[in-house]
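First comes the structure, then the notes that go with it.
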Amino acid sequence: AKVAAAKDEL
Amino acid sequence: MNIFRFAGDMSHVVSILVLLLRLRSSKSAVGISLKTQELFLIVFVTRYLDLFTTFYSLYNSFMKVAYIASTTYIIWMIRFQEPYKSKYDASQDSFLHIKFAVAPCAGLALFACLVKGELSPIDILWTFSIFLEALAIVPQLFVLQRYREVENLTGHYVFFLGAYRGLYILNWVYRSYYEQFYRHNWLVYVSGAVQTALYVDFFYYYVVSKYYGGKLTLPT
């Protein structure tokens, strides 16, 4: 699945 | 993980350490905005709810907990611990009432999520935190402006925080080029750009003062 920008960022 | 994102995160960590050092070394919170710290805590708590739902990496989870814990500690120091408590001057930190930052961001987040069809509370709070983070530094910038002459460590604190945001923009550029499964999020980009733009003026005076080796003084 595509990860939306910044969802996995801090 | 890429070099810009990691450098950004480290810059964020350094900024928090510098702030703690600044508080401890001067034994006062004069020149530090408690409001900014409280806004950051709201940002972290609402954004990092995914700690309970999604596991990204040990690094990611550790940093989230560290940001929440360190910011809570800083707020506790300024609000309840001596000598910070009695030296903290709330009248110098009066700009931007918390509710006037929170309410518009909450409204905007609700609207944005309705449009995007993301209706889970976690998504709405995450979007809210993206907007609120852009505003969180504003009270701190106003406190700097009030005292005009910026104490060394306080200047470094704001500098590292700004560097973190700037590096995150480079990180998004990098990711959009090199990551196959990457989806743009324009709300994040726009609020990230706004947030970084707020630091530009401070950066200019910071760099000039470092270049000439003088004190960091902001114009009236």
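Quick note, the sequences are listed as chains A and B, same order. Numbering-wise (our numbering), the first sequence opens with residue 1 and increments by one. Numbering-wise (our numbering), the second sequence opens with residue 1001 and increments by one. Don't be surprised by glycine CBs; every beta carbon is placed ideally from N, CA and C.
Counterpart residues of residue i in DSSP-defined beta bridges
| i | result |
| --- | --- |
| B/V1150 | B/L1216 |
| B/Y1205 | B/Y1205 is not bridged to any residue. |
Same chain, Cβ closer than 7 Å to residue i, neighbours up to 5 away in sequence not counted
| i | result |
| --- | --- |
| B/S1021 | It should be pointed out that residue 1021 of chain B corresponds to Leu in this sequence rather than to Ser. These residues qualify, in order along the chain: L1153. |
| B/S1011 | F1160, A1163, Y1164 and L1167 |
| B/Y1157 | S1015, V1018, L1019 and R1022 |
| B/Y1206 | G1155, F1159 and L1216 |
| B/S1028 | P1083, Y1084 and K1087 |
| B/V1045 | I1068 |
Spatial distance of residue i from residue j (CA atoms)
| i | j | result |
| --- | --- | --- |
| B/L1216 | B/L1114 | 45 Å |
| B/A1238 | B/L1132 | Residue 1238 of chain B falls outside the range modelled here, since chain B spans only 1001 to 1220, and no answer is possible. |
| B/Y1147 | B/A1136 | 19 Å |
| B/T1072 | B/G1107 | 26 Å |
| B/V1188 | B/K1116 | 14 Å |
| B/F1080 | B/D1123 | 33 Å |
| B/K1087 | B/L1017 | 21 Å |
| B/E1118 | B/G1213 | 50 Å |
| B/N1060 | A/L10 | 7 Å |
| B/F1052 | B/N1185 | 23 Å |
| B/F1111 | B/S1191 | 15 Å |
| B/E1082 | B/I1068 | 22 Å |
| B/I1130 | B/R1047 | 8 Å |
| B/R1024 | B/L1058 | 30 Å |
| B/I1169 | B/Y1182 | 15 Å |
| B/A1103 | B/A1193 | 21 Å |
| A/K7 | B/D1050 | 9 Å |
| B/L1144 | B/A1066 | 26 Å |
Contact with chain E by residue i, beta-carbon distance below 8 Å
| i | result |
| --- | --- |
| B/A1136 | In the displayed structure, chain E is absent; the protein chains listed are A and B. |
Proximity test, Cβ basis, 8 Å: residue i and chain A
| i | result |
| --- | --- |
| B/R1165 | no |
| B/N1002 | no |
| B/V1228 | Not covered by the structure: residue 1228 of chain B. The range shown for chain B is 1001 to 1220. |
| B/M1063 | yes |
Neighbourhood of residue i by C-beta, 6 Å cutoff - its chain only, sequence neighbours within 5 removed
| i | result |
| --- | --- |
| B/R1005 | N1171 |
| B/Q1140 | S1033 and T1036 |
Closer than 7 Å: residue i CB and nearest the ligand MN heavy atom
| i | result |
| --- | --- |
| B/N1060 | This structure lacks the ligand MN, and indeed carries no ligand of any kind. |
Cβ shell of residue i (< 8 Å), same chain only, five flanking positions each side left out
| i | result |
| --- | --- |
| B/I1075 | L1034, Q1037, E1038 and L1041 |
| B/F1203 | F1159 and G1162 |
Three or more C-beta pairs closer than 8 Å, one from the stretch 1091 to 1105 of chain B and one from the stretch 1030 to 1047 of chain B: is that the case here? yes
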